[in-house]
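What follows is a single structure, written as structure tokens, with notes after it.
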Amino acid sequence: MFKDGKYDVYLSTVTLREIEKCSEPKKTQLIDCLNEIQFTTLDITEDITNVANKIINMGILTQKSFDDCQHIGAAVINECDCIISWNFKHIVNVKTIRGVRAITNLEGYKMIEIWNPSVLLESEE
0 MFKDGKYDVY LSTVTLREIE KCSEPKKTQL IDCLNEIQFT TLDITEDITN VANKIINMGI
60 LTQKSFDDCQ HIGAAVINEC DCIISWNFKH IVNVKTIRGV RAITNLEGYK MIEIWNPSVL
120 LESEE
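Residue 4 in numbering that gives the first Met the number 0 is what sits at position 5 of the sequence shown, and the numbering runs on without skipping anything.
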């Protein structure tokens with residue numbers, strides 16, 4: 000679906016930096032996958048950092064998870080429809096989902112969904 004362009008894909012520079020830090024062969028596998036799809040890179044801005052800090056200040060996540068907060072902030076500021084993540088510890092969990100919903104409501108941002116990748120699977124009927 001990503002190769003076919005069914006979805007617009009956005010990756011923050013934080014994500015790309017994390018991929019660069021991966022060990023081999025995982026790093027090469029991830030880069031090869033990214034080379035097969037079209038995506039837009041989102042630079043980290045002051046607005047994104049402000050949202051990340053709000054996530055920490057509200058107690059949703061801690062400073063140790065600042066990169067995860069920046070991922071969320073990038074998606075919120077750039078008005079993405081959803082965040083797709085395997086990160087169940089910090090992103091795809093009830094506390095973070097409710098907290099991000101509260102921030103978007105309080106600050107007037109577009110609501111954003113947070114899902115695990117399995118929601119994108121389509122049945123082959």
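Beta carbons: idealized from backbone N, C-alpha and C, even for Gly. As the structure is a computational prediction, the values presented were derived from the model and not from experiment.
- Message: Between I43 and A73, how many whole angstroms is the CB-CB distance? I'm expecting something under 8 Å.
- Response: In the sequence shown, counting from the first residue as 1, residue 43 sits at position 44. In the sequence shown, counting from the first residue as 1, residue 73 sits at position 74. Correct: roughly 7 Å between the Cβ atoms.
- Pairwise C-alpha distance: L105 and P24: Numbered from 1 along the sequence shown, position 25 holds the residue referred to as residue 24. Numbered from 1 along the sequence shown, position 106 holds the residue referred to as residue 105. Approximately 43 Å, taken between the alpha carbons.
- Message: So, does the region 78–90 touch the region 102–118, judging by three or more C-beta pairs under 8 Å?
- Response: yes
- Query: Between E17, D66, M0, which lies nearest to N52 when the distance is taken from Cα to Cα?
  - Reply: Numbered from its first residue, the sequence shown carries residue 52 at position 53. Nearest of E17, D66, M0 to N52, Cα basis: D66.
- Message: Let me check understanding here. Comparing Cα to Cα, which of I76, L119, F1 lies closest to V99?
- Response: Taking the sequence shown and counting its residues from 1, one reaches residue 99 at position 100. Checking every option, the nearest Cα to that of V99 belongs to I76.
- Message: Taking the alpha-carbon of D31 as reference, which of D46, L41, L15 has the nearest alpha-carbon?
- Response: Here the question's residue 31 lines up with position 32 in the sequence shown. Per the Cα distances, L15.
- DSSP three-state call for I43: helix, strand or coil? In the sequence shown, the residue the question calls residue 43 occupies position 44. I43 falls in the coil class under three-state DSSP.
- With distances taken between CB atoms, is the gap from S11 to I36 smaller than 9 Å? The residue given as residue 11 occupies position 12 in the sequence shown. The residue given as residue 36 occupies position 37 in the sequence shown. In this structure, I36 does not lie closer than 9 Å to S11 by Cβ.
- Would you report the Cα separation of T39 and V8, rounded to the nearest angstrom? Numbered from its first residue, the sequence shown carries residue 39 at position 40. Numbered from its first residue, the sequence shown carries residue 8 at position 9. For T39 and V8, the distance between alpha carbons rounds to 6 Å.
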